Every structure is written in C-alpha cells, then in structure tokens.
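Peer 1: Chains G and R, in that order, give the protein sequences. Residue 163 in the numbering used here sits at position 163 of the first sequence, with consecutive numbering throughout. Add 1000 to a position in the second sequence, counting from 1, and you land on the number used in the numbering used here.
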Amino acid sequence: MTDQATPEKVTEGAAIASQPRLRDAEWNWQRIWRRARYPVITIINLSIFAALWQWGATVYDNANFIPTFSSMAHAFKIGWIGGGADSTNETFDLLQDFVIVKNFWVTIQVYGIGLIVSILVGIPIGLIMGGSKWADAILSPYVWTFSSLPRIALFPVLVLFLGLGNEIKYALVILTAIFPVIINTWAGVKTTEQSLINAARVFGANRRQIYQKVVLPYTLPFVVSGIQLALSRGLVGVVIAEFLTGASKDGGLGWLIFRAARGFNGALTYAALMSLAVLALVLVQGTRSMEAKIAPWRQVSKT
Amino acid sequence: MTLSNGVTTNTAGRGTPLVVAENLTVGYELERERKLLTALTNINLTVHEGEFVVLVGPSGCGKTTFINAVAGLLQPWEGTVTYQGKPIKGTSRDRSMVFQDYAVMPWRTVEQNVRMPFEFRDSGLSNSQIDERIQTMISDVGLQGFEHSYPHELSGGMRQRVGIARAMVTQPKLLLADEPFGALDAMTREVLQAQLEKLVMNAGQTVVFITHSIDEAISLGDRIAVISHRPGTVREIIDVNIERPRLAEGEITRHPEYGALREHLWGLVKDEALGARGAVA
Ligand SMILES: Nc1ncnc2c1ncn2[C@@H]1O[C@H](COP(=O)(O)OP(=O)(O)OP(=O)(O)O)[C@@H](O)[C@H]1O
Ligand SMILES: [Mg+2]
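1. Given that arginine 201 of chain G touches chain R, what residues does it touch there, using C-beta distances under 7 Å?
2. Where does aspartate 275 of chain G fall in DSSP's three states?
3. According to DSSP, proline 1087 of chain R sits in a beta bridge with which residue or residues?
4. From the DSSP output, which residues share a beta bridge with alanine 1225 of chain R?
5. Of the residues G:Tyr38, G:Ala50, G:Gly237 and G:Lys102, which one's Cα is nearest the Cα of alanine 272 of chain G?
6. For serine 140 of chain G, which residues in chain R fall below 9 Å Cβ to Cβ?
7. Taking 6 Å as the cut-off, is the CB of arginine 1034 of chain R close to at least one heavy atom of ligand 1?
8. Look up aspartate 1178 of chain R in the DSSP assignment and say whether it is helix, strand or coil.
9. Beta-carbon separation of threonine 1065 of chain R and glutamate 1022 of chain R under 7 Å?
10. Would you say serine 195 of chain G reaches chain R, if we count a Cβ-Cβ gap shorter than 7 Å as a contact?
11. Report the rounded CA-to-CA distance for valine 1207 of chain R versus glutamine 1129 of chain R, giving the unit in angstroms.
12. Let me check understanding here. Comparing Cα to Cα, which of G:Ile227, G:Asn28, G:Trp80 and G:Ala137 lies closest to tyrosine 270 of chain G?
13. Which partner residues does histidine 1048 of chain R have in the DSSP bridge list?
14. Taking any Cβ of chain G, which residues in the segment 1106-1129 of chain R have a Cβ under 8 Å from it, in chain order?
15. For a contact meaning CB atoms closer than 7 Å, what does alanine 1282 of chain R contact in chain G?
16. Would a C-beta distance cut-off of 7 Å place glycine 305 of chain G and phenylalanine 65 of chain G closer than the cut-off?
17. Please list the segments of the alpha helix (DSSP H) lying wholly inside the segment 215-256 of chain G, counting only runs of 4 or more residues, in order along the chain.
18. Could you please give me the residues that DSSP links to methionine 1097 of chain R through a beta bridge?
19. Between isoleucine 119 of chain G and isoleucine 294 of chain G, how many whole angstroms is the CB-CB distance? I'm expecting something under 8 Å.
20. Measure how close the beta-carbons of alanine 1039 of chain R and glycine 1057 of chain R come, nearest whole angstrom, since I'm counting them as under 8 Å.
21. How is asparagine 1042 of chain R classed by DSSP in three states: helix, strand or coil?
22. Could you list which residues in chain R have their beta carbon closer than 7 Å to that of alanine 205 of chain G, in chain order?
23. Below 6 Å CB to CB, which residues in the same chain sit around proline 221 of chain G once its five sequence neighbours on both sides are set aside?
24. From this set, R:Phe1052, R:Val1104 and R:Thr1025, which residue's C-alpha is nearest proline 217 of chain G's C-alpha?
25. List the whole-angstrom C-beta distance separating alanine 200 of chain G from glutamine 209 of chain G, where the pair is believed to meet the contact cut-off of C-beta under 8 Å.
26. At a Cβ cut of 9 Å, what residues of the segment 1141-1165 of chain R count as close to chain G, listed as they run along the chain?
Structure representation (structure tokens):
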C-alpha cells in the first residue's frame, strides 16, 4: 500500500501526499473515457453517416427516392407530404398529424400481444417436451416441421380461416415467434449437465426439486436466447403481415412503409422505416442487458 | 507392512463393514450406439467403519463409476453393493460426495452452494446452527471472503473447494471423494490433506477416496485398492500400515516403509495404465 518507490527528489511531505491524488485524477479520466468511448464513437459515426446522407440527398435531388433528413423529420410530424394521398378507403387518414406514431402503436400492440402469447405458451411446451420423452415424441414432428417451414407460405391458408383482419397478424407473429422459444427451452432442458443433476440427487433432491433447482435455472439463459430470437423473428412476422393485410385493415408500420413507398412518398417511407429500425435496436439492446442480468454466470463464461 | 495379494484381505481388527460390494458389475447404456458398456466387473471390496480406502487405477477404469454406485446414483447390473447390510437403492444423507468435475451450481454463490445439502434434507439443526456450520466449513477450505462470489468468479481450485465444503458440511458418515484435491496447488492440498487426516483420526470419518497421485494414496489411505483397466476389477488391495498422524509429523516420505510401498504401487499402476493402452494384454 505505502509508496515503495520513494523518489529521492521529493523532499516535501506535501508533494508525496499529492501524488496519489494526482494518480486518482488521471485514473478517473481514463475511466470516464473507457466508459464513454463507445457512445462517443457511435455518435461521431452516425453523424458522419447523416451528413453524407444529407449531402447525397441534396446532390441526387429526388425526394421520392432519397429524401433529406429534414424532410423525414417533417414527415414524422405531419405525415404525408405533398399530393397522392387518397384518404377514401384508407385505414388511416394519411394527412393527419403523427400518422407514424399512430401506426407504430398499432404494430406494437399486435407484436407485443403476439410475443407474450408466444412466450407464455412456448416455454411450457419446451419444458414439457424436454422433460417427457412421450411429449417429445408426440410433439417434435410438428414443432420441427413448422419451425423449418417458411411461415409466410401459410399465409394463403390462414387467410381462408382468419380473413384479413387482426387475427391473421397475431397468427403470423405467433407462428414466427413461438418456435425459437420452444426449441431453445427444449434444448436447455435436454442439455442440463448430468453432473449437476447427480449432485442434486446426492444431496437429496427429489424429481420435482431437481427440475426446480437444477433444470430450470440451467434452462433460463436458453429461454432468454429463445426470446431474443422470437423478438426479431416476430418483428419480421408482424411487418410482413402488415404488408399483406394492411391495406384492408388497421394499418401498422409495415403497411405505412408499403403505402408510402407506393405513393412515392420518400420522406414518409424513410421516416417510418427508421422508427422500425429504432424499435428493433431498442429491443435487441434491451434483451442483451436482460441476458446479462438474468444469467450473469453465462455471460462471463462466454467471453 | 503387509502386501496382501488378491482381493481377499484379512479384515480382522477393522471396524464393522459399512459398504460391501460383492461381485459388483455395473456400467452404462450407450443410447446413441444402442449398446451396453461395462465399466466395472466383479468388484469385491469392503469398506469398514472409520476406514480410509483409496482407489487408484488408470483413467477410464471405473473409479468414478464405483463411487457413483456406492452413492446410489447407479444400480448394479450384477452382484450387490450394500450399506450397513442393506442394498443401496438410492442416495442417502449418510453418503456425501465430492465430484470430480466439481458440479457446483453456476447460478449459486459459494454460500448457497454449500447450503444446498440442507435444503433438500432435514438435518435436525436450527437455522443458526446451519449458518454457523456453513461459515465454519467455508473457512476450513479457505474460502472466507468469497461467500457471495459466483463460481465463474473463482479459480478451478477454489471451485473444487466449494465442492469439498458442500460435501462435508453435513458431516456425513461416509465421504465419497472423487479426486477432491486434483486441481489444488501443493500448499493448499497439503493443508486440506492434513485437515482430512485430522477428521479421520478424531471423528473416525469413513472415506472412499480416488486419486491419481500415488503419494497422496499412501499419505492418506489405510488401504489402497488398485483397479485394473476397463472393465475394472480389483487387481490388488494394499495395506498401508504407517501410523497416523502421517502428515502432521512432516515428511511421510522418510518413513522406512514408504519407498518399497511406493515402488510396488507404482509398478501396479503403470502396468494397468499400459494395459489400458493395449500394450499389455
Ligand atoms: N455417463 C456415462 N455414459 C457412458 N459411459 C460412461 C459414462 N461415465 C463413464 N463412462 C464410461 O465408463 C468407463 C469408466 O468411467 P469412470 O468415469 O468410472 O472412469 P474413472 O476411473 O473415474 O476415470 P478417470 O480417472 O479418468 O476419472 C469409461 O470407459 C467411460 O467411457
Ligand atoms: Mg473419474
């Protein structure tokens, strides 16, 4: 602890005492930089991107294809810019303010409820399949078939049953999101280390306790990865569903992007796309930190 | 020194038999290849109360399999293995185990791992007694200050000590220890070996102990069972008649019998290790 290297030159006690303080200060600056460098780099990076875009958009000068940032921001507030909006027979009045926000909300609802259902139903199915050979044998052909099938191919069939309303959107989100949850949960249960189970048995755990105290905690990080996958797959599902149904009902971000692009409204198209990108980014980052919080032991052992 | 050849040893003067394996054959079902693998065949071995039995033998000969059968994790294919005269059907509070691969729960802190045995079985102790036991045990293995660390924050040797503490915290009648000191540095190992010997001398702890170290086997064992290569069987049981304490007194290696014992044991183990590699039929 005490200074081993006492320099001969330092004669004053005050100088010796000030030295650690100085080091502390240096260390703090380093620490601040270490913490801040990634956000700072990202901000610089994105600013350069934005500047280049703005410059390119001005040079290219076709707002239908590459709008400027300022017009995107404008579109975010007032929605449709310019002509071509036919408000009759449309779900949303495209000329109203904050049309992006309203459609965003439609998407979030379908997506959120679809995801919650996928998680609440997918986890128990995965647990049962992992825990019981019978359930596994009975369910796995369906699970594997559905999870390998491009879910969008089911759309025409689903239309027959569900029509083009909200139901088919929920169906598509659930069909895309539930299988990663099921399969990951199943994999967690299946790969639980035998030696951990043996240890629990030696110390007196019964079947239920082994499941509760070993298999479930072991499976938890797998479930989290499954949910992460479900989040991104489900988002694809909801956007595609909105592409395909939106014109007839309820809208949503997917529909808005589709509709705006069809009307050559570049500003609105890109503004809606960016809202979607931000949503996806927030979700991915959010689940990353969720994984670190829920299963810290796994996070570190991975690096 | 008695080098008793063969599986039958003179058991006079020992305590009452605690674990008796008779013609024990056990192995594993290889699900993928749809066949059975015999790990141990025709094992005859008796562990008496208060006795320290060491198992040595080449890697893969079935040492872990044997103590798994004694723990009650595996059922015999043929023959029997009994505890206090009754066939072992499942695990018991009497028989605790240190696992070769530690088997500590990664989502539990050191303290929570050591507490595990108390969660599943009623120990008859009050909560404060349990807390005290856990605390003492953690200090005994030198992990004080790490109570709230997770296994991934510990070194391999520290994790192994968590496994040791967890196995011993309930003061089991029979301790099954699968290479418990394998990952430890020489100093820590000596400290823990001495602690274990003290426990054997003072409390009459019964131990079945697996090691790859011949010196450790001689330092700790009352008897050393040499297991042949797979399918393993008891090749020879060697009595170590060196008085205890062997470790507190310092160099056991200077004991007059040590050299001959070591040489004999080394010959056997080498023979079996070569056999396992197919050099000897
Ligand atoms: N869970 C298992 N499933 C299938 N085979 C196994 C299993 N565990 C062990 N075996 C086989 O049984 C044999 C004996 O294994 P065991 O773990 O008892 O050996 P060991 O003597 O403890 O070896 P080591 O000194 O390397 O720990 C080995 O050949 C191994 O391939
Ligand atoms: Mg082993």
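Note that the Cβ used here is the ideal one computed from N, Cα and C, for glycine as well. Being a predicted model, the structure only gives us computed values, none of them experimental.
Peer 2: Quick look at the numbers:
1. Annotation: Cβ neighbours of arginine 201 of chain G in chain R (cutoff 7 Å, chain order): Leu1073 and Thr1091.
2. The sequence given here has serine at residue 275 of chain G, not aspartate. Serine 275 of chain G falls in the helix class under three-state DSSP.
3. DSSP lists R:Thr1082 as the beta-bridge partner residues of proline 1087 of chain R.
4. Note: alanine 1225 of chain R is bridge-paired with R:Leu1055 and R:Ile1237 in the DSSP secondary-structure output.
5. The shortest C-alpha separation from alanine 272 of chain G is found at G:Lys102.
6. Neighbours of serine 140 of chain G on chain R: none; closest Cβ ~16 Å, over 9 Å.
7. For arginine 1034 of chain R, the shortest C-beta to heavy atom distance toward ligand 1 is 6 Å or greater.
8. When secondary structure is reduced to three states using DSSP, aspartate 1178 of chain R falls in the strand class.
9. Against a cut-off of 7 Å, the Cβ pair of glutamate 1022 of chain R and threonine 1065 of chain R comes out as no contact.
10. Among the residues facing chain R, serine 195 of chain G is included, as its CB has a counterpart in that chain under 7 Å away.
11. Their Cα atoms are separated by approximately 25 Å.
12. Nearest to tyrosine 270 of chain G by alpha-carbon distance, out of G:Ile227, G:Asn28, G:Trp80 and G:Ala137, is G:Trp80.
13. Paired residues: R:Pro1017.
14. Within the segment 1106-1129 of chain R, Pro1106, Trp1107, Met1116, Pro1117, Glu1119, Phe1120 and Arg1121 place their CB atoms closer than 8 Å to a CB of chain G, listed in sequence order.
15. Residue numbering for chain R in the displayed model covers 1001 to 1281; residue 1282 of chain R lies beyond these limits and cannot be assessed.
16. Limits of chain G in this structure are 1 at one end and 303 at the other, which puts residue 305 of chain G out of reach.
17. Secondary structure within the segment 215-256 of chain G: the alpha helix (DSSP H) runs of 4 or more consecutive residues, fully enclosed, are 216-245 (chain order).
18. DSSP lists R:Leu1176 as partners of methionine 1097 of chain R.
19. Cβ atoms of isoleucine 119 of chain G and isoleucine 294 of chain G stay farther apart than 8 Å, at about 14 Å.
20. In fact, because the Cβ distance is near 12 Å, the residues do not count as touching under 8 Å.
21. Looking at asparagine 1042 of chain R - three-state DSSP - the assignment turns out to be strand.
22. Below the 7 Å Cβ cutoff, chain R contributes Phe1120 as neighbours of alanine 205 of chain G, in chain order.
23. Result list for proline 221 of chain G: Ala295 and Arg298, in chain order.
24. Answer by Cα proximity: R:Val1104.
25. Taking a contact as a CB-CB distance under 8 Å, the pair alanine 200 of chain G and glutamine 209 of chain G counts as one, their CB atoms being some 7 Å apart.
26. Listed in sequence order: Tyr1150, Pro1151, His1152, Glu1153 and Gly1163.
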